[in-house]
Amino acid sequence: MQYGGDWDGSNVHMDRKEFLRKTRRLPGADQVRVRLAPAKEITPEPEEGERVVFRSHFLLGISLPASAFFRSFLDFYQLQPHNLTPNTVVLLSAFVTLCEGFLGVLPTLELWGEFFQSKLGTRMQGVSAQSGAFIAMRRPAADNPFPVITLIQSVKLCQKSYFYVKNVAPQGDYVNLPAFVAGPPAGRRPQWSCRAVTLSQAGAAAVARLRVMIQSEGLTGSNLLAAFIARRVLPLQSRPHLICQMSGQLDPSQMCTKDMPHDEVAHMVNYLRTASSPQSGGLARSHIPVHILRPRALSFDLQPGRRRSADSSPTGRSTT
Numbered sequence: 570m571q572y573g574g575d576w577d578g579s580n581v582h583m584d585r586k587e588f589l590r591k592t593r594r595l596p597g598a599d600q601v602r603v604r605l606a607p608a609k610e611i612t613p614e615p616e617e618g619e620r621v622v623f624r625s626h627f628l629l630g631i632s633l634p635a636s637a638f639f640r641s642f643l644d645f646y647q648l649q650p651h652n653l654t655p656n657t658v659v660l661l662s663a664f665v666t667l668c669e670g671f672l673g674v675l676p677t678l679e680l681w682g683e684f685f686q687s688k689l690g691t692r693m694q695g696v697s698a699q700s701g702a703f704i705a706m707r708r709p710a711a712d713n714p715f716p717v718i719t720l721i722q723s724v725k726l727c728q729k730s731y732f733y734v735k736n737v738a739p740q741g742d743y744v745n746l747p748a749f750v751a752g753p754p755a756g757r758r759p760q761w762s763c764r765a766v767t768l769s770q771a772g773a774a775a776v777a778r779l780r781v782m783i784q785s786e787g788l789t790g791s792n793l794l795a796a797f798i799a800r801r802v803l804p805l806q807s808r809p810h811l812i813c814q815m816s817g818q819l820d821p822s823q824m825c826t827k828d829m830p831h832d833e834v835a836h837m838v839n840y841l842r843t844a845s846s847p848q849s850g851g852l853a854r855s856h857i858p859v860h861i862l863r864p865r866a867l868s869f870d871l872q873p874g875r876r877r878s879a880d881s882s883p884t885g886r887s888t889t
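According to this note's numbering, the sequence shown is numbered sequentially starting from 570.
This is how it looks when you write it as structure tokens:
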């Protein structure tokens, strides 16, 4: 059984806040104000206009301003950011990367529902978790083409990484998150397992294209994780264009202009699959071949010093 957590204060410090700004996970101070939780605070108590966010989520693909898809996801499923387990955030990031980076389409709730279902997370049997109550899972059907991503089961301590953000920009919303509502969902909602009876023409075409990629190109779950890591893009952040339309090191969707070493890409893929808390360490090296974004795909053997081109010339679109 997978259990979520209760609130127990926050361990986010000033240096971690600055790291999030430097890596473009947080907008500038003239757009978003950040406030750390007081030392003796146990449960979040946001001030007027503040939203509650999590450093652990920011390391997995959520960043500000939140994307239109991510906001629509929260609204449709009637969720708060604190309802999402880290595994759910990883799956959301992988899903957006698949849609934008490999299929070349915008992510939709229709496609999400085709690939995923969910269940209610508990802190003990029969008691909903204060945080991490929404657990997304790949639908187990044999005909589900979404690549399997094996993730850890523990979600301990992730709720301790919360802090506050507030949009202070004179124009525009640079946060794009719902107002904080304390507590877990009232229960498992009907839409949590919503799936279209018949896919739209665009949805059916995307699923058919994915089946071809799985069969002919061997697309794997690790491919999806390595794709947004190597391109250093934040899948759940609002961006000017699709991931597949990124161009060059100065692309505004990138977190920075520096290339990420090959070994570090492997390290981060493994982190996304195995890190059980923001404090986890001791990550083993992954050795799964990883194809990086179309149309200039790059395959990683994820072994030290080895790299080969999957399409034509190596492109290495990655940063630190």
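Even for Gly, the Cβ is constructed at its ideal location relative to N, Cα and C.
As DSSP reads the structure, Ile-704 sits in a beta bridge with Lys-688. Below 8 Å, too few C-beta pairs join the segment 708-721 and the segment 597-614 to call them touching: fewer than three. Taking a C-beta distance under 8 Å as the contact criterion, Gln-770 and Trp-576 do not qualify as a contact pair. Rounded to whole angstroms, Leu-661 and Pro-607 show a C-alpha spacing of 31 Å. In the structure shown, the three-state DSSP call for Leu-605 is coil.
For the pair Thr-767 and Gln-784, the Cα-to-Cα distance works out to about 23 Å. The bridge partners DSSP lists for Asn-736 are Val-601.
In the structure shown, the three-state DSSP call for Val-665 is helix.
Straight-line spacing of the CA atoms in Val-581 and Leu-803 works out to 21 Å.
Going by DSSP, Arg-620 is part of the beta strand (DSSP E) stretching over 620-623. In this structure, Glu-619 lies near Val-734, with their beta-carbon atoms less than 8 Å apart. With a minimum length of 4 residues, the unbroken runs of alpha helix (DSSP H) contained wholly in the segment 623-653 fall at 624-627 and 637-646. Between the segment 638-649 and the segment 674-688 there are three or more inter-stretch CB-CB distances shorter than 8 Å, so the stretches are counted as touching. The segment 626-636 makes contact with the segment 648-662: 3 or more CB pairs, one atom from each, lie closer than 8 Å. Under the 10 Å beta carbon count, Ser-687 is surrounded by 16 or more other beta carbons and is classified as buried.
Beta-bridge analysis with DSSP links Met-693 to Val-696. With a beta-carbon spacing of about 7 Å, Ser-730 and Ser-579 fall inside the 8 Å limit used to define contacts.
CA-to-CA, the gap between Arg-593 and Asp-742 works out to about 16 Å. Residue range 831-843 is occupied by the alpha helix (DSSP H) that includes Glu-833. A Cβ-Cβ separation of about 7 Å places Ser-822 in contact with Pro-809 under the 8 Å criterion. Between Val-717 and Arg-707 the beta-carbon gap is near 7 Å, inside 8 Å, which marks them as a contact. Per DSSP, Gln-814 has no beta-bridge partner at all. By the beta-carbon neighbour count (other beta carbons within 10 angstroms, threshold 16), Leu-819 is exposed. With respect to Ile-812, Gly-670 sits close: the two C-beta atoms are nearer than 8 Å. Residue pairing from DSSP places Gln-823 in a beta bridge opposite Val-802.
For the pair Phe-732 and Arg-624, the CB atoms are nearer than the 8 Å cut-off. Beta-bridge partners assigned by DSSP to Tyr-731: Phe-623. Contact between Gly-690 and Ala-765 is absent: CB atoms are separated by about 25 Å, not below the 8 Å threshold. Just so you know, the alpha carbons of Met-782 and Leu-788 end up roughly 6 Å apart. Sixteen is the threshold: when 16 or more other Cβ atoms of the shown chains lie within 10 Å of the Cβ of Arg-801, as they do, the residue is buried. It is roughly 37 Å from the alpha-carbon of Cys-763 to the alpha-carbon of Glu-833. Here Gln-740 is exposed. Its C-beta has fewer than 16 other C-beta atoms within 10 Å.
Beta-carbon to beta-carbon, Phe-684 and Phe-664 are separated by about 7 Å, close enough to satisfy the 8 Å threshold. Linking Glu-679 to Val-776 through their CA atoms gives a straight-line distance of about 11 Å.
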